[in-house]
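The block underneath contains the structure these notes are about, expressed in structure tokens.
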Amino acid sequence: MLDQQVDIALAGRTYGADTSNSARTPGSFSTASGDSGHIGGYAAFSPGRLHFDVGGDYGFGSVTINRVVPQLGLGAGGNQDQETGQVFADLGYRIRLDGAALEPYAGIAHIVATGGSFAETGSVAALSGSKKSDGSTYSLLGLRTELADMALGGGMTLSPRLDLGWQHALAPFTPYQTVSFTNTGTSFQVLGSPLVEDAGVVQAGFELRADGAATLFVSYDGSFSSTVESQGFHGGLNWRF
């Protein structure tokens, strides 16, 4: 009878980041811009080819919104604090193929977004609202691919990555908020766009390592459904010492 040895690895990581973002409506009638920070961490447990991650993330920041109502020639603007929090878990199975790696995986995440109270100024179109929180839970099925590292010379190595998945909201949800005209106090309800129940998600990018100390990373994130499309690019530099 032979004993089979299974390698088990346990690892963890904490991280922080700062983000600046902006958005505008067609014709630039209304704009939004802000800064946010993120802190989070996760623990990774790897018995053999299985890979299990569990962790959380907290984001905080503020946004400045300037609105224009072109039909009335009125404008208003204000600031609002924002917070996001999420917990997640992810289970994958890694398959090695000639220097590359494939990892089918399944994950789940619960996300809570909070918008602080606000009071616009500028005209009779100015609005005010109270603090409000909304939450949603998503499942995710997908396939991660790590291609073989490419040696570029001069001690530099390029590592391409691709992640394809299907995201599903466990319950349909339409965000809303009750707001009031600042001058009159008249209240009404504003409905946001319904959150997409099913969407295809894509993450693609690469890491460029130099002599093992510095790592430059660039990635593309996309989410696509029949009604909503979201795309973004991210990049950064990690330095280990």
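Following this note's numbering, the numbering of the sequence shown begins with 354 at its first residue and continues without gaps. Backbone N, C-alpha and C fix where the C-beta goes; we use that ideal spot for every residue, glycine too.
Item	Value
With distances taken Cα to Cα, identify the nearest neighbour of Y529 among A442, G558 and G468.	G468
Under 7 Å from any heavy atom of the ligand NAD, does the C-beta of Q520 make it?	Judged by which ligands are present, the structure shown has none, so any question about the ligand NAD falls away.
What span of residues does the beta strand (DSSP E) with R562 cover, start to end?	D551 to A563
By DSSP, does G380 sit in helix, in strand, or in coil?	helix
Below 8 Å on the Cβ atoms is my guess for G488 versus I464; work out the distance and round it to an integer in Å.	6 Å
Going by DSSP in three states, T417 sits in which element: helix, strand or coil?	strand
Quick one: Cα of P513 to Cα of A478, how far?	50 Å
For T535, count neighbouring Cβ atoms within 10 angstroms of its own Cβ and tell me buried if that reaches 16, exposed if not.	buried
Residue range of the beta strand (DSSP E) that T490 falls in?	K485 to E499
For E473, which three-state DSSP category applies?	coil
Mind checking whether L494 and A453 have CB atoms under 8 Å apart?	no
Helix or strand or just coil, what does DSSP make of N536?	coil
So, for D564: in the same chain, excluding its five sequence neighbours on each side, which residues have a beta-carbon less than 7 Å away from its beta-carbon?	G508
Is it true that the CB of E436 sits closer than 8 Å to the CB of G412?	yes
Just to confirm my understanding: we take D388, look at its own chain, exclude 5 residues before and 5 after, and list those with CB closer than 6 Å. What are they?	S373 and G414
Quick check on E582: buried or exposed, where buried means 16 or more other Cβ atoms within 10 Å of its Cβ?	exposed
What is the rounded straight-line gap between the Cα of G553 and the Cα of P457?	15 Å
Find the nearest neighbour of Q542 within the set E550, D551, T531 and R420, judged by alpha-carbon distance.	T531
Secondary structure at L548, three-state DSSP: helix, strand or coil?	coil
Going by beta carbon distance, what residues of the same chain come within less than 8 Å of A524, once the five residues before and after it are set aside?	S489 and T490
I'd like to check one pair, H521 with S476: are the Cβ atoms closer than 8 Å?	no
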